[in-house]
Amino acid sequence: MSSTPSGGGEAPPAAVELRGITKRFPGVVANHDIDITVAPGTVHAIVGENGAGKSTLMKTLYGMHRPDEGTIAVDGTTVRLNSPSDAIRHGIGMVHQHFMLADNLTVMENVVLGAERRHGIGAKARARIEELGRRYGMGVDPDRLMEDLGVGDRQRVEILKVLYRGARIIILDEPTAVLVPQEVDELFDNLRELKREGLTVIFISHKLDEVLSVADTITVIRRGTTVATVDPKGTTARELATLMVGGELPVPELRESTVTDKVMLDIDGLRVTAPGGRALVDGVSLAIRSGEIVGIAGVEGNGQSELIEAIMGMRPVDAGRITLDGRDITGTDTLAIREAGVGYVPEDRHRHGLLLESPLWENRILGHQGRPPSTKGMWIDRAGARADTRRIVDEYDVRTPGIDVIADALSGGNQQKLIVGREMSGRPKVLVAAHPTRGVDVGAQAAIWDHLRRARAEGLAVLLISADLDELIGMSDTLHVILRGRLVASADPLTVTPEQLGSAMTGASTDTGAGTADTGGAGTDAAGTPTTPTEEDEGGA
Amino acid sequence: MRTSTSPTVAVGAAAVLGTGATALLDLGLLAPAALAIGVALAFAAVVLLSAPTTADAGSRIHRALVTPIALVLSVVLGLLAAAVLDWWLIEPVAYALGALIGSAGAFLVYRRLPTQLALAFAAVAVAGVLALSVTAVVLWVSGTDPFRAFGRMIEFGTRPDNLVRIVNAATTFYLSAVAVAIGFKMKLFNIGVDGQYRLAALLAAAVGGAWVLPPVIHQIVIVLVAVAVGGFWAGIAGYLKVTRGVSEVISTIMLNSIATGITAYLLNTDRLAVEISTNNIGTTPIAESGWVPGIPAGFMGADREIYGLVVLAVAVGVGYWLMLNRTRFGFDLRATGQSPTAARASGVNVKRMVLLSMVISGMIAGLVGIPQLLGQSHYYALDFPVGLGFTGIAIALLGRNHPVGVAFAALFWAFLDQASQILDIDGIPKEIAVVTQATIVLTVVVVYEVVHRWGLRYQQQQVGKDLGRVEVASS
C-alpha cells in the first residue's frame, strides 16, 4: 500500500493514529472528525454508549470499510486499508464480539484455519501456538475440541488467532460482554501480559469501571465524534459517564417492594429436551408473584432461551407444568398464551420481535392478531391499530416521524421501545423480558427501566433475563442462577455482588453470598473444568 | 409551486386549460398528440397552483423523480381514457373528455403519489425500456427494422377483435398469476399451478358433461369441482412440506408430471373421453345450462365476445387484495413470508399457514381453465391450452404479486402474445415476442430488487432527516 512517512516527532511514533476520520452511511454520519492517537505498548480504551459509533470506527480501522475522510497511520506511516487482510498485513488484528470459531475443530485447527501459509498445519504450527501461549500467558491445549471450551478460553483462542497472524495491534470489540466477572479479571491479566510484551491493545467497551481498571488511556466517543481523551488515574466513572452521555448514566434500581403474595406465573419441574434427548431445561421450578421481578442470571446458552420459549409455547415441554394465574397453560399454543396475558420481549428483536419491512402500525398487530384494538374478528382493524400505535409512540417516546415508517428505519432503542410498548398494551399479567435493554442507547435504557418499574408497581409479574449483571441485580426482586438448564442457586439482589453472581453462573462455587437452593449434579464435569456451557450459540458462526 | 391556491381553483384551472388546449390543438394536430400537450399543460398548471401533500414533498428526489413520473402517468391516463371513450363518441369529443380526465388525474397524482409507488412505476418503465431495447437490437441484428415491427404489432394488437382475444387470454393468465402470487407472498414457490389447473379442468369438465343441472347450479358445481381438485392437488405438496419437510419446488414439479400422466390416462375413449372430431378426443361437452355467456364487445367494434368469467377474475383479484391487506389471515400470511421466526413468536402456526396457503393457491389454480371451459370450448380435449401455470409465474413476478400490478402484467403479456401473430405474415419471426417477454421478466426482477433496496435506504434516510429536524427544533 502507499507508504508516505508522516511528520514524525522525537517520541516513538504512535502505534495507531487516526486523524479526522469521517464515515457516512446513507442518512447518518456514523463518525465525524475522529482523532485518536494510540501510544505503542498501551491498552487504549474507547468508550461510548450503544450507537455512539465505536464499532463503525473499529471497522474502519480493521479495513472493513473505507472512511470518507481522514487518514489512518500505523507506526507513523499513513496506510490505506481496503480489506481486513490489508489490516492484518499492517499488524492490526480484531477480536469480534461474537466468536467466529468452528465448534467441531480443535484449538489448533481453529487458529491455523485460513492462515495455513504461515507455519503450515503440522508440528511447526503447534510449536508456534504453544510458544505464543507461553509468552502471553494464554495456555490453551491445542488439541482440545472447541466445543469443550468455556467462554473465557474461547476468547483466548480468538486472541491467539490474531497473534498467530502476526498482529501487533489488537482490537477487542466489547470483549467483556459475554464474560462473568472472574473471566473478566483473567482477560485483563492477559491484556497486561500482552502490553508487557510490547503489543498494543485497543479495547472497546461501555462498562466504565472495567475500563478504568485496565486502560492506560481512555478516549470517549459521543454521537460519532471524539469528545475527550483522559487518563484513568485522574478521572472517575461518574465523570466518564458524563462525558459519554452528556449527562448521568441511568441506574437500574427498584424502590420499595411491591411484591404481593398472588402467584401469577408458576413453573413446576419444567423439563425441555433437545431432539437428541439432552436436557436443555432440567427440572426448573419458580414462581413469580404479582408486582415482582424475577431475574435469571446465567452464562448465555445455559437454557435461558429454551426456558422462555417453553413458557411462550414455542417449544414443546417434556415434563412439568406452567400455570398462569391459576390456569394451566402447558403446551398451549403461543397466541393463546399471549392472549391469556403474557407479554414477550424477545431476545433478538430483529428475528423474533419485528417485521422489519413493515410499517410500525403493522408491527403493532404482531402478536396481537386475535384481539382489539388490532383486529375485529377475522378483519384487521386498521383504524384501531393505527390509533393505538400512535398512543404507543407517544407514551413510550418512540422517536419516529410517523407510524407508516418501516420498522427497519428506526434505531435499535426506538425499535425496542415500540416492542415494550406493544407488549405492555392489553395489560398483560406476566411479562417475559429477555435482554430488554441489549444494544439500546442510555436514553432508551432508562425509559425501558422506568416502564418496567411502573408496570411492576401496577402488579405486573416480570421474568427478566439479562446478560448485564448490574441490570439483573438492580432490577430484580428475586434472583435465580441457571447453569446447564438447572436453577442452581438463588440470591438476594440487595446483598449479592456481581462477582458472587459470576461464580455461581460458572459453577465455580454455588455457596457464596447466594443462598444455595439446589446444588444437584451441576458443578464440575469429569475433566474438572468449572466453566463451559456445553453449547455456545455464537460458536458455530 | 410554493403558492398554494385552494385545491378547487387548481383543479378547475387545470381541467379548463387541459381540455381547452386539447380541443384547440386537435384542429391542427393528431388527436393523441393534442391530448398529450393538453394534459402536460394542465399538469404544469397543477404544479404552479398547488403543492404535493405527501410527507417528503419538496425533497430533491420528489422533484427529480416523482414529478416526472406523475406527468407521464397523467398523460397515459388521459390517452387510455380517450381511447376507451372513442369507442362510443366521435374523436374530437372523446379526446377532449380524455384530456379532462387526464387533467383531473394530473391534479390527484401530483398531489398524492407516494414516493414508493412512484419508484415502482419507475422500475416498470426502466425494465420496459430495457426489454424493448434488447428486442430492438435482436430485430436489428436479424435485419429487420425494429420500429416497423413494433408499429405492426401495435396496429395489429389494437384491432378490436384482437383486444377481445387479449382480454380473454389475460383473464386466464391473471388467475394463474394470482395462484402463484399467493405462494410467493409466503415465500412458497408453487410451480405446480400447471398440473393443478389441468387436472382441475379435466375433472370439472367431466363432471359438468356427465350431469345436466339447472343453470347457475350447473356452473357452480363445475367451479366447485375445479376448486376442490386444484386445492387437493396443491395440498399434497403442502402436506408433504409440513410433515416431511419436502421442498414444495420439488414436489410440485413431480405432481405436474403425475397430473400429466393422470390426464393422459383419463382422457381416453374407454374412460372419460368421447370422440370430438376425427382426430381429437375430449370429455363429453357440457350442456348449455352449464355455459357462461360472453359479454358482447360490439361497443368496441368487435365481433367476438369477452369471457363472461372475466368477472370471476376481477372477483378473485379483489378477494386476493382484501384477504391480503384486510384480514387476520392475510396479515399472518405476509408476516410468515417476511419473517417466519417473528411470525412464530407472535403466535402464528407457521405449518398451518404453509398448508393453508398452498391449498388456497391450488384452489385459485383450479379456476385457471374455467373461463375457457365454460365460455368457449365447453369440453376438455387434447388441445386444451397447456403451460399456463408457467406463464403465471412470469406474470406474478412481473406484477410483483400485487393484484393490480398482476392485472397489467397479464394484459401486457397477452398483448405480446396476440400482437406478435402478425409478424409471421410480414416474414418476421414471431418468437421475437418471447424474447421480449423473457427479457422483461429478467430485467424486472433485477430492477425491482434494486429499487426495493434503494427504497428501504431512502426511507431510512428520510427518517434520519426528519428526526434530525425535530432534534434541532427542540434543542
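As they're listed, the protein sequences go chains A and B.
With my numbering applied, the first sequence covers 1281 to 1821.
With my numbering applied, the second sequence covers 139 to 613.
The beta-carbon is built from N, C-alpha and C at its ideal position, and this holds for glycine as well.
Since this is a predicted model, take the numbers as computed values, not measurements.
Are the C-beta atoms of residue i and some chain B residue less than 9 Å apart?
i         : result
A:Pro1626 : yes
A:Arg1679 : yes
A:Asp1688 : yes
A:Gly1252 : With chain A covering 1281 to 1821 only, the question about residue 1252 of chain A has no answer from this structure.
Leaving out five residues before and five after residue i in sequence, what residues of the same chain have Cβ atoms less than 6 Å from its Cβ?
i         : result
A:Lys1850 : As shown, chain A starts at 1281 and ends at 1821. That puts residue 1850 of chain A outside it, with no answer to give.
A:Pro1461 : Pro1778, Glu1779, Gly1782
A:Pro1512 : Leu1492, Ala1495, Ile1498
B:Thr192  : Pro252
B:Ala180  : Ala152, Leu155, Gly156, Ser241, Ala244
A:Gly1583 : Leu1560, Val1561, Ile1762, Gly1765
Kindly indicate which three-state DSSP category residue i falls into: helix, strand or coil?
i         : result
A:Val1327 : strand
A:Trp1659 : strand
A:Gly1793 : Here the model assigns A:Gly1793 a pLDDT of 45, short of 50, so the residue's position is not dependable and the matter cannot be decided.
A:Tyr1624 : strand
A:Thr1515 : coil
A:Thr1480 : strand
A:Arg1601 : strand
B:Phe294  : helix
A:Asp1798 : A caution first: A:Asp1798 carries a pLDDT of 41, below 50, which makes its placement in the model unreliable, though a value can still be read off. Of the three classes helix, strand and coil, the one that applies to A:Asp1798 here is coil, per DSSP.
A:Ile1683 : coil
B:Ala435  : coil
B:Asn418  : strand
A:Arg1558 : coil
Less than 7 Å between C-beta atoms, sequence neighbours within five positions excluded: which residues of the same chain meet that for residue i?
i         : result
B:Pro423  : Gly347, His516, Tyr517
A:Arg1670 : Ile1683
B:Gly513  : Val430, Gly432, Tyr445, Gly446, Leu447
B:Leu404  : Leu340, Leu410
B:Ala519  : Ile414, Asn418, Ile419, Gly420
If you measure from the beta carbon of residue i to each beta carbon in chain A, is any gap under 9 Å?
i        : result
B:Gly383 : no
B:Thr253 : no
B:Val572 : no
B:Gln476 : yes
B:Ser484 : yes
B:Ala261 : no
B:Ala480 : yes
Ordered along the chain, which non-local residues of its own chain (more than five positions away) have a Cβ less than 8 Å from that of residue i?
i         : result
A:Gly1793 : A caution first: A:Gly1793 carries a pLDDT of 45, below 50, which makes its placement in the model too unreliable to give a value.
A:Ala1517 : Leu1488, Asp1489, Leu1492
B:Lys489  : Val380
B:Ile396  : Gly333
Which residues mark the beginning and the end of the alpha helix (DSSP H) in which residue i is found?
i         : result
A:Arg1702 : 1692-1704
A:Thr1786 : 1778-1786
B:Leu404  : 386-404
B:Thr205  : 205-223
A:Asp1366 : 1364-1369
Start and end of the beta strand (DSSP E) containing residue i?
i         : result
A:Lys1404 : Not the beta strand (DSSP E): A:Lys1404 falls in the alpha helix (DSSP H), residues 1403-1415.
A:Lys1303 : 1296-1305
A:Ala1771 : 1766-1771
A:Gly1575 : 1573-1577
A:Asp1453 : 1449-1453
A:Arg1551 : 1543-1553
A:Arg1502 : 1497-1502
A:Val1510 : 1505-1510
A:Gly1373 : 1372-1375
Taking 8 Å as the threshold, find out whether the stretch 1740-1748 of chain A comes into contact with the stretch 1709-1727 of chain A through three or more Cβ pairs. Yes, the stretch 1740-1748 of chain A touches the stretch 1709-1727 of chain A.
Under 8 Å, with one C-beta from each stretch per pair, do the stretch 544-564 of chain B and the stretch 233-244 of chain B reach the 3-pair mark? By the Cβ rule, the stretch 544-564 of chain B does not count as touching the stretch 233-244 of chain B, because fewer than three pairs are nearer than 8 Å.
Could you say if the stretch 267-278 of chain B and the stretch 565-572 of chain B meet the contact criterion of at least three C-beta pairs nearer than 8 Å? Yes: at least three Cβ pairs fall under 8 Å.
Inter-stretch contact (C-beta, 8 Å, three-pair minimum) for the stretch 488-508 of chain B and the stretch 307-316 of chain B: The stretch 488-508 of chain B, when compared against the stretch 307-316 of chain B, does touch it at the 8 Å Cβ threshold.
Touch check for the stretch 1440-1447 of chain A and the stretch 1458-1473 of chain A: three-plus C-beta pairs under 8 Å? The way I'd put it, the stretch 1440-1447 of chain A doesn't touch the stretch 1458-1473 of chain A; fewer than three beta-carbon pairs between them come closer than 8 Å.
Any contact of the stretch 356-369 of chain B with the stretch 530-548 of chain B, i.e. 3+ C-beta pairs under 8 Å? Short answer: they don't touch.
With a threshold of 8 Å, are at least 3 pairs of Cβ atoms found where one atom belongs to the stretch 1690-1703 of chain A and the other to the stretch 1662-1680 of chain A? Counting C-beta pairs closer than 8 Å gives three or more between the stretch 1690-1703 of chain A and the stretch 1662-1680 of chain A, which meets the contact rule.
Within 8 Å, do at least three Cβ pairs link the stretch 1355-1364 of chain A to the stretch 1425-1434 of chain A? These segments do not touch.
May I ask you to verify whether the stretch 1296-1303 of chain A touches the stretch 1465-1473 of chain A, counting CB pairs closer than 8 Å and requiring at least 3? Three or more beta-carbon pairs separated by less than 8 Å are not found between the stretch 1296-1303 of chain A and the stretch 1465-1473 of chain A, which leaves the two stretches without contact.
Given 8 Å as the limit, is there contact between the stretch 1596-1612 of chain A and the stretch 1628-1640 of chain A, that is, 3 or more CB pairs closer than that? Note that the stretch 1596-1612 of chain A does not touch the stretch 1628-1640 of chain A; fewer than 3 beta-carbon pairs, one per stretch, sit closer than 8 Å.
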